[in-house]
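Peer 1:
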Amino acid sequence: MVKDTPIITGYYRYTDIWFEWSSVLPNPEDARSLKAILAHDSITHSDHPLHVEGVKGVQMYLGTLNATGESRLLFSSAQVDYIRYWLHAMQLTKEVIPLPYSDCLLTESDLRSVIKVAYADGGALRGAVKQIDKNNKRLKSSALGSALTSRREIFERVRAYWAEKKGVWCAIDFEAWEYDHSVITEFGWRLVGWKDGQEHRKANHVIVDEHQKYRNTKYVPEHRYDYGLGESQYVKKAAFSKMVSDFLTELSEYGPVFLVFHDNSQDIKYLKSIGAPLEGLTYISFTHPLTIPHNGPFVVDTSDLFSALEGVTDRKSLGRVCIHLQIPTKHLHNAGNDAHYTLEAMISMAEGDPVDIQRQKRWPDCTTEGVKVNFKEEEDSDRSDEEGLLAPHTSNIVNSW
């Protein structure tokens with residue numbers, strides 16, 4: 019396993035480093051020192067040489083293999099190299115121990131994605147190793163298909179981009195008359211963005227003045243006047259298209275733009291119908307880098323994200339998604355409210371763990387085989403979106419964020 023070879027940048031499997039590396043070192047004392055510094059309770063201690071300021075425990079990496087889609091817990095080659103030299107500098111090894119040989123190394127071409135993960139203590143690290151192994155076994159027994167595989171990869175890129183706290187993430191929703199979808203009645207948005215390191219949160223709800231006479235009653239509930247984040251804005255039909263277009267143009271002041279939808283197809287049709295500036299509109303995929311790219315704007319769809327999390331290809335309504343994510347809702351089918359809950363759902367998933375670990379934490383007793391969540395019947399019944407979880411008080415939504 020050990021040879022003197024040039025350093026190649028990449029990642030080493032945690033299992034190779036923990037179980038194999040020390041076993042092939044020629045000096046038993048060196049092997050004992052290496053095992054001691056890599057021990058679960060040692061590596062997560064704040065005094066460990068691999069400790070990263072601001073991270074509780076140890077920072078490691080979780081990679082997805084290109085060949086199988088399975089996950090592997092990883093050390094970076096820089097971490098492995100640092101351990102070698104630190105042990106020698108502390109006189110814990112007689113010589114700088116050799117690197118693991120290059121066949122153990124995973125390079126960029128071997129991995130679809132790599133994300134940072136942290137484990138607070140030895141128990142958390144041991145538990146993660148077991149959970150990753152369990153998830154990989156479930157993946158092997160699942161026929162994911164290309165659609166679900168793609169959504170799983172998108173899920174991890176959204177998590178990685180959101181973690182950078184850059185650019186702007188703006189949820190958008192339109193409402194239209196149920197008898198003629200070309201008659202737009204409402205426009206709502208909510209954003210979280212960063213300028214000069216400062217976080218900004220804004221929201222708005224717009225009613226098309228001349229279209230107030232077009233009411234929805236048969237197929238969807240009428241909640242035009244139930245915006246929960248402040249006062250609605252009334253805009254004349256003649257000014258509506260320019261107002262939306264100007265708003266989208268101004269988003270670029272934040273940097274990279276992420277437009278967040280729940281089931282994006284209809285809302286993008288509305289944007290195109292009013293001539294909104296959508297040049298360069300891009301759907302996030304595994305071909306994008308793991309750091310925020312600078313072109314775009316980018317489409318993020320919470321129905322796809324939840325599909326990846328649930329382990330199915332079917333999309334759920336916004337109301338169903340919020341129920342399963344434990345996000346209280348009130349007066350869905352108001353464009354401003356829907357934009358608010360869409361962004362809340364995206365943030366809830368993006369700030370969570372990697373997809374398989376997050377699924378297990380959210381619904382520990384609902385994944386019996388494969389990666390599909392089997393929700394209880396009462397949790398996933400075909401109720402109206404209006405029957406989402408209501409806040410425990412009757413105050414406006416503005417009080418919940």
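One rule links them: number in this note's numbering = place in the sequence shown (from 1) + 18.
Glycine included, every Cβ here is placed at the ideal spot set by N, Cα and C.
Out of N282, F304, S95, E297, which has the shortest C-alpha to C-alpha gap to K334?
Peer 2: The residue you call residue 334 lines up with position 316 of the sequence shown. Of the listed residues, the one whose Cα sits closest to K334 is N282.
Peer 1: Under a Cβ-count criterion, where at least 16 other Cβ atoms within 10 Å of its own Cβ denotes burial, should P274 be classed as buried or exposed?
Peer 2: Start at 1 with the first residue of the sequence shown, and residue 274 comes out as number 256. Flag for P274 reads buried.
Peer 1: With distances taken from CA atoms, which of S250, I55, K260, Y119 is nearest R31?
Peer 2: Your numbering for residue 31 matches position 13 in the sequence shown. Minimum Cα distance to R31 is reached at Y119.
Peer 1: Verify whether the separation of the beta carbon atoms of N313 and T305 is less than 8 Å.
Peer 2: Taking the first residue of the sequence shown as 1, we reach residue 313 at position 295. Taking the first residue of the sequence shown as 1, we reach residue 305 at position 287. Not in contact: N313 and T305 (Cβ atoms no closer than 8 Å).
Peer 1: Exposed or buried, what is Q344 when buried is set at 16 or more other beta-carbons lying within 10 Å of its beta-carbon?
Peer 2: Along the sequence shown, read from residue 1 onward, the residue named residue 344 stands at position 326. Exposed, since its Cβ has fewer than 16 Cβ neighbours within 10 Å.
Peer 1: Please report the straight-line C-alpha distance between S51 and H58, rounded to a whole angstrom.
Peer 2: In the sequence shown, residue 51 corresponds to position 33, counting from 1. In the sequence shown, residue 58 corresponds to position 40, counting from 1. Looking at the two C-alpha atoms, the distance is approximately 14 Å.
Peer 1: Assess contact between the region 238-253 and the region 346-361, defined as three or more Cβ pairs (one per stretch) separated by less than 8 Å. Is contact present?
Peer 2: yes
Peer 1: Between the C-alpha atoms of F346 and A136, what's the straight-line distance to the nearest angstrom?
Peer 2: Against the sequence shown, residue 346 aligns to sequence position 328. Against the sequence shown, residue 136 aligns to sequence position 118. Looking at the sequence shown, residue 346 is not Phe but Pro. Each residue's alpha carbon lies about 29 Å from the other.
Peer 1: Take T203 as the anchor and find which of W195, K184, I302 has the nearest alpha-carbon.
Peer 2: Sequence index remark: in the sequence shown, residue 203 carries index 185 (1-based). Of the candidates W195, K184, I302, the one whose C-alpha sits nearest the C-alpha of T203 is W195.
Peer 1: For the alpha helix (DSSP H) containing L323, list its first residue and its last residue.
Peer 2: The residue given as residue 323 occupies position 305 in the sequence shown. Per DSSP, L323 belongs to the alpha helix (DSSP H) from 320-328.
Peer 1: Check each candidate in G329, P372, D151, A357 and name the one with the smallest Cα separation from T167.
Peer 2: Here residue 167 is taken as the residue at index 149 of the sequence shown, counted from 1. The option with the nearest alpha carbon to T167 is G329.
Peer 1: How close, in whole Å, do the beta carbons of G185 and Y100 come, if the pair is a contact with beta carbons under 8 Å?
Peer 2: As a first step, residue 185 must be located in the sequence shown, where it is residue number 167. As a first step, residue 100 must be located in the sequence shown, where it is residue number 82. About 32 Å; that fails the 8 Å criterion.
Peer 1: Can the beta-carbon of I35 be found less than 8 Å from the beta-carbon of L68?
Peer 2: Walking along the sequence shown from the start, residue 35 turns up at place 17. Walking along the sequence shown from the start, residue 68 turns up at place 50. In this structure, L68 does not lie closer than 8 Å to I35 by Cβ.
Peer 1: Contact defined as beta carbons within less than 8 Å: I believe I302 pairs with V262. What is the distance between those atoms, to the nearest angstrom?
Peer 2: Locating residue 302 in the sequence shown gives position 284, where the first residue counts as 1. Locating residue 262 in the sequence shown gives position 244, where the first residue counts as 1. The pair is not a contact, with the Cβ atoms about 23 Å apart (cut-off 8 Å).
Peer 1: Taking contact to mean at least 3 C-beta pairs separated by less than 8 Å, is the region 283-290 in contact with the region 148-160?
Peer 2: no
Peer 1: Which ranges does the beta strand (DSSP E) cover as unbroken runs of at least 3 residues, wholly within the region 225-293, from first to last along the chain?
Peer 2: 251-253, 275-279
Peer 1: Alpha carbon to alpha carbon, how far is H280 from P116? Give it in angstroms, no decimals.
Peer 2: The sequence position of residue 116 within the sequence shown is 98, counting from 1. The sequence position of residue 280 within the sequence shown is 262, counting from 1. So the alpha carbons of these two residues sit roughly 51 Å apart.
Peer 1: Quick test of the definition: if touching needs 3 or more C-beta pairs under 8 Å, does the region 356-368 touch the region 177-191?
Peer 2: Yes, the region 356-368 is in contact with the region 177-191.
Peer 1: Considering only residues of the same chain and omitting the five flanking positions on each side of V210, which have a CB-CB separation below 6 Å?
Peer 2: Along the sequence shown, one-based indexing puts residue 210 at 192. If we look at V210 and ignore the five residues flanking it on each side, its Cβ neighbours are W187, R219.
Peer 1: Threshold first: 3 residues or longer. Then list the beta strand (DSSP E) segments lying entirely within the region 193-229, N to C.
Peer 2: 198-213, 216-226
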